[in-house]
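See below for the structure under consideration.
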Amino acid sequence: MAYALSAWSAASILPPVQAHAQKVHQLPANPSTVAYGYYWSLAKPVLTIASGDIVEIETMLTNTPQGLERMGVKPEDVPQNLRDIVAQVAGDARGPGGHILTGPIYVTGADSGDVLEVKMLSITLPIAYGYNGCSGYMREFCRAPGDSAAGRGGRGAAAGAGGSRLIMMDRQKMTAEIAPGITVPLRPFFGSVGVAPAAALGRVSSTPPHQHAGNMDNKELVVGTTLYVPVWTKGALLELGDGHAAQGDGEVDQTAIETNLKGRIQVTVRKDMKLDWPRIETPTHWITMGADTSLVVATKTAISQMVKFLQEAKGITQTQAYQAASMAADLRITQLVDGNVGVHMMIAKSYLTTPK
């Protein structure tokens with residue numbers, strides 16, 4: 002299905018005019034407002050909003066109070082709502098994944114075949130710490146505390162069981178020392194933002210990303226960016242979680258700086274757009290994505306989506322779009338550790354000029 006060429010011009014997409022008074026909703030994280038470990042078309046919504054509304058949302062990190070305390074978090078510094086969620090959401094109420102996702106949010110007017118636009122208006126760090134585990138793609142590099150081969154933790158890091166480390170964050174400077182002599186800027190984002198998959202897929206794990214978006218772990222999805230995700234079920238059923246304060250492309254040890262987040266998002270139903278895979282718009286780039294158990298397939302999906310985007314945005318042939326992707330776009334590994342690996346392709350908006 003094709004969409005209007007103007008919708009994918011180099012300029013920012015303009016959302017449709019809203020026919021209602023915009024509302025701002027608050028959605029804290031507690032046992033009654035989370036989906037623990039799953040995306041599901043039959044999940045009961047915890048909030049209903051109209052297209053164009055704003056949601057101020059809170060999300061929990063992916064861990065337990067006991068796990069945080071083993072890493073050195075003082076009991077009084079463990080958020081009470083995390084304790085409540087882990088204690089009260091148990092058994093069949095948990096899905097096959099491990100992420101504590103806030104939602105689902107039912108978006109009035111969203112139907113299968115539409116696109117949901119999710120703008121990241123603000124993202125803040127409500128706690129001063131995060132953690133990093135050690136597993137993932139090359140877990141042979143992970144050493145237990147006390148192992149002479151383990152190396153040294155950063156001054157801001159405390160060792161925990163299995164190599165997990167507490168990372169203290171400077172929220173004034175927006176930096177964190179992650180190892181001696183290695184300090185990184187904090188660029189918080191929601192690792193998991195997604196909608197319910199098609200009903201036939203049932204209750205899916207929160208771990209693998211796919212066409213419903215979900216656990217993309219795409220570090221580009223920071224404040225000022227917009228996610229466009231295809232809708233697969235009525236109301237979309239949007240969920241967010243898996244907060245990351247900083248992450249590298251690849252997320253090779255399976256974790257970033259995992260932390261709680263508070264965000265302000267605007268959610269709009271786009272009936273003027275058609276997508277089959279999620280797409281990201283930043284102030285400077287367009288980003289296409291792919292995810293699959295095979296890195297080759299994920300790569301081909303990201304490339305194919307970029308070719309399709311360039312064809313439709315610029316009215317060029319498939320061959321021209323493929324050649325342009327090779328000459329102008331950057332291909333990156335999003336993550337290697339979520340069951341379905343992720344690949345994304347980025348092209349600068351400044352390259353999309355008016356033909357001579």
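Residue numbers for the sequence shown, in the working numbering: 2 to 357. We treat Cβ as the ideally placed atom computed from N, Cα and C, and that holds for glycine.
Distance from the CA atom of Met72 to the CA atom of Asn133, rounded to whole angstroms, is 10 angstroms. With a 10 Å radius around the Cβ and a threshold of 16 neighbouring Cβ atoms, His245 comes out buried.
Ser193 has Gly242 as its beta-bridge partners, per DSSP. Taking a cut-off of 8 angstroms on C-beta distances, the region 104-117 touches the region 37-47, as three or more cross pairs fall below it. Along the region 173-232, the beta strand (DSSP E) occurs as fully enclosed runs of 3 or more residues at 176-180, 183-186, 190-195 and 227-231, listed in sequence order. Restricting attention to Tyr39, Val344, Lys315 and Asn341, the CA atom closest to the CA of Thr355 is found in Lys315. Across the structure, Tyr352 and Pro80 are spaced so that their CA atoms are roughly 46 angstroms apart.
With a 10 Å radius around the Cβ and a threshold of 16 neighbouring Cβ atoms, Ile86 comes out buried. Around the beta carbon of Leu241, 16 or more other beta carbons lie within 10 angstroms, which makes this residue buried.
Close CB contacts of Arg172 within its chain, under the 8 angstroms cut and outside five residues either way in sequence, are with Leu126, Ala129 and Leu187 (chain order).
Excluding its 5 nearest sequence neighbours in each direction, Val308 has C-beta neighbours in its own chain below 7 angstroms: Gln319, Ala322, Tyr323 and Ala326, listed in chain order.
If you draw a 10 Å sphere on the C-beta of Asp93, you find fewer than 16 other C-beta atoms in it, and that means exposed. Less than 9 angstroms divides the Cβ of Ala111 from the Cβ of Leu117.
By the C-beta criterion, the region 265-285 is judged not to be in contact with the region 246-256, since fewer than 3 inter-stretch pairs fall below 8 angstroms. In this structure, the straight-line span from the alpha carbon of Thr302 to that of Asp277 is close to 11 angstroms. With respect to Leu337, Gly182 sits apart: the two C-beta atoms are not nearer than 9 angstroms. Excluding the 5 residues flanking it on each side, Lys120 has same chain C-beta neighbours closer than 7 angstroms at Thr227, Ile266 and Gln267, in chain order.
By the CB criterion at 9 angstroms, Trp233 and Ser123 fall outside the cutoff. Here the C-alpha atom of Gly340 lies approximately 5 angstroms from the C-alpha atom of Pro209. Residue pairing for Trp278: DSSP places it in no beta bridge. For Thr256, no beta strand (DSSP E) run applies, since DSSP gives it neither H nor E.
Secondary structure note for Met347: its beta strand (DSSP E) is the uninterrupted segment Val342 to Ala349. Counted as a single uninterrupted DSSP element, the stretch harbouring Met139 is not any beta strand (DSSP E), since DSSP gives it neither H nor E. Secondary structure note for Gln321: it is in no beta strand (DSSP E), and the uninterrupted alpha helix (DSSP H) holding it is Gln319 to Ala329. Under the 10 Å beta carbon count, His211 is surrounded by 16 or more other beta carbons and is classified as buried.
Judged by DSSP secondary structure, Pro66 falls within the alpha helix (DSSP H) whose first and last residues are Pro66 to Arg71.
DSSP, reduced to helix, strand and coil, places Gly92 within a helical segment of the structure shown. The beta carbon of Arg84 sits closer than 7 angstroms to those of Pro66, all from its chain and outside the five residues before and after it, given in chain order. Take Val253, set aside five residues on each side of it, and the residues of its chain with a beta-carbon closer than 8 angstroms to its own are Gly137, Tyr138, Met139, Leu337 and Val338, in chain order.
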